[in-house]
Amino acid sequence: IQSYTFALAGNPNAGKTTLFNHLTGARQHVGNYPGITVDRKEGYLNDNGRKITIVDLPGTYSLTAYSAEELVARDFLVNEKPEVVINIVDASNLERNLYLTTQFLELGVPLVIALNMVDVAKTRGITVQAEKLEEILGVPVVPIVARSGLGTRALLDAACRIAAEGNAWQPLDISYGDDLDATILRLVEVITTSRFLTARYPARFTAIKYLENDEQILDRGRDESPAIAAELEADVARVSQHLQKTLNVFPEAIIADHRYGYLKAVLRDGVITHAFDVDRLY
Ligand code: GDP
Ligand code: MG
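Taking the UniProt record's numbering, the leading residue of the sequence shown gets 5, the next gets one more, and so forth.
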């Protein structure tokens, strides 16, 4: 018998728990992640003879180790390797919600996007062209209304298909501008010489997290590959000082700006249409 684990991930209030309840009904178990007070919620369903475990991850805006929730979500993905990450996004607030999505794409996890709250978006005159978004991002995008269950059958089908086929795409490479792109290439070259630093994440993901000053990844590097970690940290410190001196910014801010820039470009090309198009009033 086939058994899969699907993780539900997304921003707070994107509708994770509503979808979780809809899919699993009363077949739920709530526990704790060891050592912290973040709830661990699991539910179960049988679907066409498959046993599916659904894990409702804590809501996060990012995948950097800035909070316990972000750490739990990221550790779950790399340690327990769910067959599919179902990234639930709020269609009425798409650009902001897709910020987290860019990091799943950089991490290279098997991904399906549940485009939730299409009912709310519709009342605001917003239509999201799911096929177009799917084509640009290269992962399935399924419109749903978690509250009523609309679209959840298609969502499960898409997730089961990805679970059976595995991850068919390459991790996303966003450009972070000339300074940081060159730095990332240098860091990747050093990271790939350490089997510890390449055990969990793609080298490029680790390089970006070094630039984002991610404490968990920095600490692990110091523990597991001290000489290489020192080399990486020295390079990052040099670049960071240069950016502060010349542009008065930290690498984290440049990275965030470029992620939003990438998303603006993605959403510009007819992915979102507004019912009340101001241009047509004139
Ligand atoms: P979570 O923080 O991601 O777990 O989000 P919740 O599942 O708690 O949902 C946040 C709020 O959005 C709740 O009031 C839900 O009832 C509501 N909600 C979730 N999905 C939908 C939807 O598809 N349509 C509408 N109109 N409301 C929804
Ligand atoms: Mg919730």
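Even glycine gets a Cβ: it sits at the ideal position worked out from N, Cα and C.
Based on DSSP bridge pairs, tell me the residues matched to A118. One-based indexing of the sequence shown puts residue 118 at position 114. DSSP lists I92 and V146 as partners of A118.
*Same chain, Cβ closer than 8 Å to N50, neighbours up to 5 away in sequence not counted*: Here the question's residue 50 lines up with position 46 in the sequence shown. Closer than 8 Å at the Cβ level, and outside the excluded window around N50, lie I56.
Query - Whole-Å CB distance - T28 paired with Y8, under 8 Å assumed - result: On the sequence shown, residue 28 is found 24 positions in, with the first residue counted as 1. On the sequence shown, residue 8 is found 4 positions in, with the first residue counted as 1. Not really, about 13 Å apart at Cβ, beyond 8 Å.
How about G19: is its Cβ closer than 6 Å to a heavy atom in the ligand GDP?
What you label residue 19 is simply residue 15 of the sequence shown in a count that begins at 1. Answer for G19: yes, Cβ within range of the ligand GDP.
Counting pairs of beta carbons, one from the stretch 179-188 and one from the stretch 32-46, are three or more of them closer than 8 Å? no
- Touch check for the stretch 205-220 and the stretch 101-119: three-plus C-beta pairs under 8 Å? yes
* **Member of K268, G142, C164 and A207 whose CA lies at the smallest distance from the CA of L236** => For this step, residue 236 is matched to residue 232 along the sequence shown. Checking every option, the nearest Cα to that of L236 belongs to A207.
key: Other residues of its chain near T277: CB distance less than 6 Å, five sequence neighbours each side excluded   = Translated into positions along the sequence shown, residue 277 becomes position 273. Correct list, in chain order: T131.
* Asked: Below 8 Å, can you find three or more Cβ-Cβ pairs linking the stretch 66-75 to the stretch 141-150?
  -> no
Do L115 and N91 have their beta-carbon atoms positioned less than 7 Å apart in this structure? One-based indexing of the sequence shown puts residue 91 at position 87. One-based indexing of the sequence shown puts residue 115 at position 111. Yes, these two residues count as a Cβ contact at 7 Å.
Task: Candidates V76, L111, Y65 and G153, of which the one nearest F24 by Cα - done: Here residue 24 refers to the residue found at position 20 when the sequence shown is read from its first residue. It is G153 whose Cα lies nearest to the Cα of F24.
Quick check on the DSSP output: the alpha helix (DSSP H) that includes N252 runs from which residue to which?
As a working note, residue 252 is residue 248 in the sequence shown. No alpha helix (DSSP H) contains N252, which DSSP labels as neither H nor E.
**Message:** In the DSSP output, which residue or residues are listed as bridge partners for Q32?
**Reply:** Translated into the one-based positions of the sequence shown, residue 32 becomes position 28. Paired residue(s): G47.
Review point. Is it buried or exposed for L251, if we count other Cβ within 10 angstroms and need 16 for buried?
Key: Here residue 251 is taken as the residue at index 247 of the sequence shown, counted from 1. Exposed, because fewer than 16 other Cβ atoms sit within 10 Å of the Cβ of L251.
So A158 packs on V88, CB below 8 Å; how close in whole Å? In the sequence shown, residue 158 corresponds to position 154, counting from 1. In the sequence shown, residue 88 corresponds to position 84, counting from 1. That pair is no contact at about 14 Å.
Cutoff 7 Å; reference G170; Cβ partners in own chain excluding five residues on either side | The residue you call residue 170 lines up with position 166 of the sequence shown. Excluding residues within five positions, the ones whose Cβ falls inside 7 Å are P114.
**Asked** Is the closest heavy atom of the ligand GDP to the C-beta of R151 under 6 Å?
**Response** As a working mapping, residue 151 is identified with position 147 in the sequence shown. Yes, the ligand GDP has a heavy atom inside 6 Å of this Cβ.
Could you give the C-beta distance for D183 and V253, rounded to a whole number, given that I count them as a contact under 8 Å? The residue given as residue 183 occupies position 179 in the sequence shown. The residue given as residue 253 occupies position 249 in the sequence shown. That pair is no contact at about 10 Å.
On a CA-only basis, which of G112, A269, K136 and T156 is nearest M121? Give me that one, please.
Sequence index remark: in the sequence shown, residue 121 carries index 117 (1-based). Minimum Cα distance to M121 is reached at T156.
Chain-order list of residues whose beta-carbon lies under 6 Å from that of T64 (same chain, five-residue window excluded): The residue labelled residue 64 in the question sits at position 60 within the sequence shown. E73, E74 and A77, listed in sequence order.
Just mark D60 as buried or exposed, buried being the case when its beta carbon has 16 or more other beta carbons within 10 Å. The sequence position of residue 60 within the sequence shown is 56, counting from 1. So D60 ends up on the buried side.
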